[in-house]
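S.K.:
Protein chains: 2
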Amino acid sequence: MRIGIYGYGNLGRGVELAILQNPDMELVGVFTRRAPDSVKTYGAPVFSADDVLKMTDKIDVMILCGGSSTDLPKQTPALAKYFNVVDSFDTHAKIPEHFKAVNEVALSAGKTAMISVGWDPGLFSLARLYSGSVLVDGQDYTFWGKGVSQGHSDAIRRIDGVKDAKQYTVPIESALNAVRNGENPILSTREKHVRECYVVAEEGADKARIEQEIKTMPNYFADYDTTVHFITQEEMREKHAELPHGGVVLRSGVTGLNKEHKHVIEYALKLDSNPEFTASALVAYARACYRMSQEGLYGCKTVFDVPPIYLSARSRDEILGKLL
Amino acid sequence: MRIGIYGYGNLGRGVELAILQNPDMELVGVFTRRAPDSVKTYGAPVFSADDVLKMTDKIDVMILCGGSSTDLPKQTPALAKYFNVVDSFDTHAKIPEHFKAVNEVALSAGKTAMISVGWDPGLFSLARLYSGSVLVDGQDYTFWGKGVSQGHSDAIRRIDGVKDAKQYTVPIESALNAVRNGENPILSTREKHVRECYVVAEEGADKARIEQEIKTMPNYFADYDTTVHFITQEEMREKHAELPHGGVVLRSGVTGLNKEHKHVIEYALKLDSNPEFTASALVAYARACYRMSQEGLYGCKTVFDVPPIYLSARSRDEILGKLL
Numbered sequence: 001m002r003i004g005i006y007g008y009g010n011l012g013r014g015v016e017l018a019i020l021q022n023p024d025m026e027l028v029g030v031f032t033r034r035a036p037d038s039v040k041t042y043g044a045p046v047f048s049a050d051d052v053l054k055m056t057d058k059i060d061v062m063i064l065c066g067g068s069s070t071d072l073p074k075q076t077p078a079l080a081k082y083f084n085v086v087d088s089f090d091t092h093a094k095i096p097e098h099f100k101a102v103n104e105v106a107l108s109a110g111k112t113a114m115i116s117v118g119w120d121p122g123l124f125s126l127a128r129l130y131s132g133s134v135l136v137d138g139q140d141y142t143f144w145g146k147g148v149s150q151g152h153s154d155a156i157r158r159i160d161g162v163k164d165a166k167q168y169t170v171p172i173e174s175a176l177n178a179v180r181n182g183e184n185p186i187l188s189t190r191e192k193h194v195r196e197c198y199v200v201a202e203e204g205a206d207k208a209r210i211e212q213e214i215k216t217m218p219n220y221f222a223d224y225d226t227t228v229h230f231i232t233q234e235e236m237r238e239k240h241a242e243l244p245h246g247g248v249v250l251r252s253g254v255t256g257l258n259k260e261h262k263h264v265i266e267y268a269l270k271l272d273s274n275p276e277f278t279a280s281a282l283v284a285y286a287r288a289c290y291r292m293s294q295e296g297l298y299g300c301k302t303v304f305d306v307p308p309i310y311l312s313a314r315s316r317d318e319i320l321g322k323l324l
Numbered sequence: 325m326r327i328g329i330y331g332y333g334n335l336g337r338g339v340e341l342a343i344l345q346n347p348d349m350e351l352v353g354v355f356t357r358r359a360p361d362s363v364k365t366y367g368a369p370v371f372s373a374d375d376v377l378k379m380t381d382k383i384d385v386m387i388l389c390g391g392s393s394t395d396l397p398k399q400t401p402a403l404a405k406y407f408n409v410v411d412s413f414d415t416h417a418k419i420p421e422h423f424k425a426v427n428e429v430a431l432s433a434g435k436t437a438m439i440s441v442g443w444d445p446g447l448f449s450l451a452r453l454y455s456g457s458v459l460v461d462g463q464d465y466t467f468w469g470k471g472v473s474q475g476h477s478d479a480i481r482r483i484d485g486v487k488d489a490k491q492y493t494v495p496i497e498s499a500l501n502a503v504r505n506g507e508n509p510i511l512s513t514r515e516k517h518v519r520e521c522y523v524v525a526e527e528g529a530d531k532a533r534i535e536q537e538i539k540t541m542p543n544y545f546a547d548y549d550t551t552v553h554f555i556t557q558e559e560m561r562e563k564h565a566e567l568p569h570g571g572v573v574l575r576s577g578v579t580g581l582n583k584e585h586k587h588v589i590e591y592a593l594k595l596d597s598n599p600e601f602t603a604s605a606l607v608a609y610a611r612a613c614y615r616m617s618q619e620g621l622y623g624c625k626t627v628f629d630v631p632p633i634y635l636s637a638r639s640r641d642e643i644l645g646k647l648l
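As they're listed, the protein sequences go chains A and B. So the first sequence is numbered by my numbering: it starts at 1 and just counts up by one. So the second sequence is numbered by my numbering: it starts at 325 and just counts up by one.
Here it is as structure tokens:
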């Protein structure tokens, strides 16, 4: 199947690499709003985003790699008019609205549009749905990290006197273990995660003031125990260049006449590269998107709508024989 | 939806309890090959298995709770002619054959037949399929336990001089951790699990001979490090009455131009009651089975064919808003 990539940042680069691992896919090209000459890929041709509508008959699925705040709310409905699309829209609160906008366009255009693919939303959402459907009397928990939060890193970088910053979200092990032991703890925000910040300050900047501004920042840090480490730009480059992430979804539930049997389901990810892993999920769902479009299953779809077998490049016989 | 239970052992009892947790379901009754009067349920009416065909218009999905060795290979195709059915057929090597037999009947009868539902096969199979579809360059690992293996317990009970026995399969923590760390170890059977046996010997029996017979039993124990503890019937009753189980499915894979980024996906279950948890999965898939039959999706299906959203009793809006 013939794939296009729309938007070429960390995620787009990850998709290009993931396609190289999937021999049933061919990457037609990357579409960018920057000058195509200025974009260096791992080998894929680069086109201007302005020319995307000239390629409608050359691409089976377009994978959208823009951001959720401003890009995808516009791009996904706009492109679902002409292409089968997959996106990683991850603003949880706005998913119903995004779904509706994309669904209308895709249905009337006869396209399949898969939204909110990745790991959260995505694989973590699946873990929540499967676990909750089996253990109906129970409690859900999601922990994130240890990993880099781009949003929190950006928030620190906007503080006056900050040259560079990286923020790690770290789950609190004792809280995690209480959940694993089926204790069903009630956990406040502060009791689930801590936030570790690595900051390069500009020369002469007031570090005490920067630290104070970080720790008291509403929504981002005020509700957490936050530690701030000032480091050199060199240390930042050497030790904090990667984008690891991960997390755990747990459901703790009970069965039995007197609820006497406890069960814990745990789904955990430990990722060296958040964008490359997310990209790998997007590519698997692009395969499903193509197959569903071939069967006339149009409109907006989520991971909840996709029969798992559509994700795999392996044959049905092999899957039944080896994986079931 | 109206559910029937065919076969009433540990699993059938678990299904009856699980239906009590799912208010969108009604249990019509239990079908047994024993004398109906002799079967005590938690409240469900009991019918003779001989009368099952009189109830074809009263049951939307029949959940089959017989064993995989002799019951299900006959019962699932036989009943799929008249009912939508769900079974937990778990003889991995014979699944393709079972699928074929059930598929033929269900297709020609216009019924939906879901086979091999539970946790392995079942939720573990899903973990393998999802993980392998996302991390295409990687390695699968499945560990079982700590938990009671019925098959191994039965095998010990057949030894001369054994009154009662319970066998626990225990994963070897150091092997598990090597996989979690992305070391991709090559593990022999002996390096993955140990087997712990608790045995009540008949009075005057030769314990040394029993222990030797267990440890050298081909297929069951010879390839494992096995420990044998002789205990009293009283201790058996007090400490080993339950049927806990669980396990872990892991996939360790790589992405990146030079495969430089490692990722580990882990799916783990810790279950106080194997039959009650398996039953809870059967009930969720009975819901999906009913919905798929309503849509005319007939034939034999597996967990790989079911869009996850069909499993949940919650509304689509609630699922998109709260779980995605």
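All C-beta atoms, glycine included, are put in the ideal place defined by N, C-alpha and C. Quick caveat: nothing in here was measured; it's all calculated off a predicted structure.
#1: What residue from Leu-388/B, Gly-506/B and Pro-420/B has the CA that sits closest to Val-410/B's CA?
#2: Any beta carbon from chain B within less than 8 Å of Glu-276/A's own beta carbon?
#3: If contacts are defined as beta-carbon pairs under 8 Å, then Lys-259/A and Asp-137/A qualify, I think. What distance do you get, rounded to the angstrom?
#4: Flag this pair as yes or no: are the beta carbons of Ile-439/B and Leu-129/A separated by less than 8 Å?
#5: When Cβ atoms are compared, which residues of the stretch 453 to 473 of chain B fall closer than 8 Å to chain A?
#6: Between Tyr-42/A and chain B, is the shortest Cβ-Cβ distance under 8 Å, so that the two count as touching?
#7: Check the Cβ-Cβ distances between Ile-419/B and every residue of chain A, and say whether any is below 8 Å.
#8: For Ala-222/A, which residues in the same chain have their Cβ closer than 7 Å to its Cβ, ignoring the five residues on either side in sequence?
#9: What residues match up with His-229/A in a beta bridge as DSSP calls it?
#10: Do the stretch 267 to 284 of chain A and the stretch 234 to 248 of chain A make contact, defined as three or more Cβ pairs closer than 8 Å?
#11: In this structure, what does DSSP give as the bridge partners for Lys-166/A?
#12: Classify Ser-597/B as buried or exposed, calling it buried when 16 or more other Cβ atoms lie within 10 Å of its own Cβ.
#13: Grouping DSSP H, G and I as helix and E and B as strand, with all else coil, what is Thr-255/A?
#14: With 16 as the cutoff for other CB atoms within 10 Å, does Lys-207/A come out buried or exposed?
#15: Go through the stretch 342 to 387 of chain B residue by residue and report every complete run of the beta strand (DSSP E) that reaches 3 residues or more, in order.
#16: Mind pulling the chain B residues with CB within less than 7 Å of His-261/A?
#17: Which residues of chain A have a Cβ atom closer than 9 Å to the Cβ of Tyr-332/B, listed in chain order?
#18: Which whole-angstrom value is the C-beta distance of Lys-588/B and Gly-506/B, which I expect to be below 8 Å?
#19: Let me know the secondary structure DSSP gives Gly-645/B once reduced to three states.
#20: Taking CB distances under 8 Å as the criterion, tell me whether Asp-305/A reaches chain B.
#21: Does the pairing of the stretch 356 to 375 of chain B with the stretch 307 to 315 of chain A give three or more beta-carbon distances under 8 Å?
#22: What does Ala-608/B touch in chain A if you count any residue whose Cβ is under 9 Å from its own?
#23: Under a three-way DSSP split, which group does Asp-629/B fall into?
#24: Could you say which of Asp-414/B, Ile-419/B, Val-385/B and Gly-390/B lies nearest to Lys-405/B if we only look at CA atoms?
#25: Candidates Pro-308/A, Ala-175/A, Leu-53/A and Asp-57/A: which alpha carbon is nearest Leu-187/A's?
#26: If you measure beta-carbon to beta-carbon, which residues of the stretch 409 to 440 of chain B are closer than 8 Å to chain A?
#27: Would the C-beta of Glu-590/B count as close to the ligand GTP, meaning under 7 Å from any of its heavy atoms?
#28: Quick check on the DSSP output: the alpha helix (DSSP H) that includes Thr-189/A runs from which residue to which?
#29: Could you name the residues of the same chain whose beta carbon sits closer than 6 Å to that of Pro-171/A, not counting the 5 residues immediately before and after it, in chain order?
#30: Can you pull out the residues from the stretch 341 to 367 of chain B whose beta carbon lies closer than 7 Å to at least one beta carbon of chain A?
#31: Out of curiosity, what's the CA-to-CA distance linking Val-429/B and Gly-623/B?
#32: Give a yes or no on whether 8 Å exceeds the smallest Cβ distance from Ala-565/B to chain A.
#33: With distances taken from CA atoms, which of Ser-362/B, Phe-423/B and Thr-400/B is nearest Asp-629/B?
#34: Would you be able to state if there are at least three C-beta pairs under 8 Å between the stretch 333 to 348 of chain B and the stretch 374 to 383 of chain B?
#35: Whole alpha helix (DSSP H) runs in the stretch 439 to 512 of chain B with 4 or more residues, listed along the chain?
#36: Helix, strand or coil for Gly-246/A, going by three-state DSSP, please let me know.
M.R.: According to the structure data:
#1: In the second sequence, the residue the question calls residue 410/B occupies position 86. Ranking Leu-388/B, Gly-506/B and Pro-420/B by Cα distance to Val-410/B puts Leu-388/B first.
#2: Counted from its first residue, the first sequence places residue 276/A at position 276. Closer than 8 Å to some Cβ of chain B, the Cβ of Glu-276/A qualifies, so yes.
#3: Against the first sequence, residue 259/A aligns to sequence position 259. Against the first sequence, residue 137/A aligns to sequence position 137. With 8 Å as the limit, Lys-259/A and Asp-137/A qualify as a contact, their Cβ atoms being about 7 Å apart.
#4: Along the second sequence, read from residue 1 onward, the residue named residue 439/B stands at position 115. Along the first sequence, read from residue 1 onward, the residue named residue 129/A stands at position 129. No. Outside cutoff.
#5: Along the stretch 453 to 473 of chain B, going in chain order, the ones with a CB nearer than 8 Å to a CB of chain A are Leu-453, Tyr-454, Gly-456, Ser-457, Val-458, Leu-459, Val-460 and Asp-461.
#6: Position 42 of the first sequence, counted from the start, is the residue given in the question as residue 42/A. Yes - at least one Cβ of chain B is within 8 Å of the one on Tyr-42/A.
#7: Walking along the second sequence from the start, residue 419/B turns up at place 95. Yes, because at least one Cβ of chain A sits closer than 8 Å to the Cβ of Ile-419/B.
#8: The count along the first sequence starts at 1 and reaches residue 222/A at position 222. Thr-216.
#9: The count along the first sequence starts at 1 and reaches residue 229/A at position 229. His-229/A pairs with Tyr-198/A.
#10: yes
#11: In the first sequence, counting from the first residue as 1, residue 166/A sits at position 166. Its beta-bridge partners are Tyr-198/A.
#12: For the purposes of this step, residue 597/B is identified with residue 273 of the second sequence, where counting begins at 1. Under this definition Ser-597/B is a buried residue.
#13: The residue given as residue 255/A occupies position 255 in the first sequence. Strand.
#14: Stepping through the first sequence from its first residue, residue 207/A is reached at position 207. So Lys-207/A counts as exposed.
#15: 350 to 356 and 370 to 372
#16: Against the first sequence, residue 261/A aligns to sequence position 261. Under the 7 Å cutoff, chain B gives Asp-596, Ser-597 and Glu-600.
#17: Here residue 332/B is taken as the residue at index 8 of the second sequence, counted from 1. Neighbours of Tyr-332/B on chain A: none; closest Cβ ~15 Å, over 9 Å.
#18: Taking the second sequence and counting its residues from 1, the one referred to as residue 588/B is at position 264. Taking the second sequence and counting its residues from 1, the one referred to as residue 506/B is at position 182. First, the amino acid is wrong: residue 588/B is Val here, not Lys. Confirmed, about 6 Å.
#19: Translated into the one-based positions of the second sequence, residue 645/B becomes position 321. Residue state, collapsed to three classes: helix.
#20: Residue mapping note: residue 305/A aligns to position 305 of the first sequence, counting from 1. By this cut-off, Asp-305/A is an interface position.
#21: no
#22: Numbered from 1 along the second sequence, position 284 holds the residue referred to as residue 608/B. Here the neighbours are Tyr-130, Ser-133, Val-134 and Val-136.
#23: Mapped onto the second sequence, residue 629/B falls at position 305. Of the three classes helix, strand and coil, the one that applies to Asp-629/B here is helix, per DSSP.
#24: In the second sequence, the residue the question calls residue 405/B occupies position 81. The option with the nearest alpha carbon to Lys-405/B is Val-385/B.
#25: Taking the first residue of the first sequence as position 1, residue 187/A is located at position 187. Answer by Cα proximity: Ala-175/A.
#26: Those would be His-416, Ile-419, Pro-420, Phe-423 and Ser-440, in chain order.
#27: The model on display carries no ligand, and the ligand GTP is accordingly not part of it.
#28: For this step, residue 189/A is matched to residue 189 along the first sequence. Residues 189 to 192.
#29: Here the question's residue 171/A lines up with position 171 in the first sequence. Phe-143, Gly-145 and His-193, listed in sequence order.
#30: Leu-341, Ala-342, Gln-345, Asn-346 and Tyr-366
#31: In the second sequence, residue 429/B corresponds to position 105, counting from 1. In the second sequence, residue 623/B corresponds to position 299, counting from 1. One C-alpha to the other measures close to 8 Å.
#32: In the second sequence, counting from the first residue as 1, residue 565/B sits at position 241. At a cut-off of 8 Å, the C-beta of Ala-565/B has no neighbouring C-beta in chain A.
#33: Stepping through the second sequence from its first residue, residue 629/B is reached at position 305. Nearest of Ser-362/B, Phe-423/B and Thr-400/B to Asp-629/B, Cα basis: Phe-423/B.
#34: no
#35: 447 to 458, 474 to 481 and 497 to 504
#36: For the purposes of this step, residue 246/A is taken as residue 246 along the first sequence, with counting starting at 1. Three-state result, Gly-246/A: strand.
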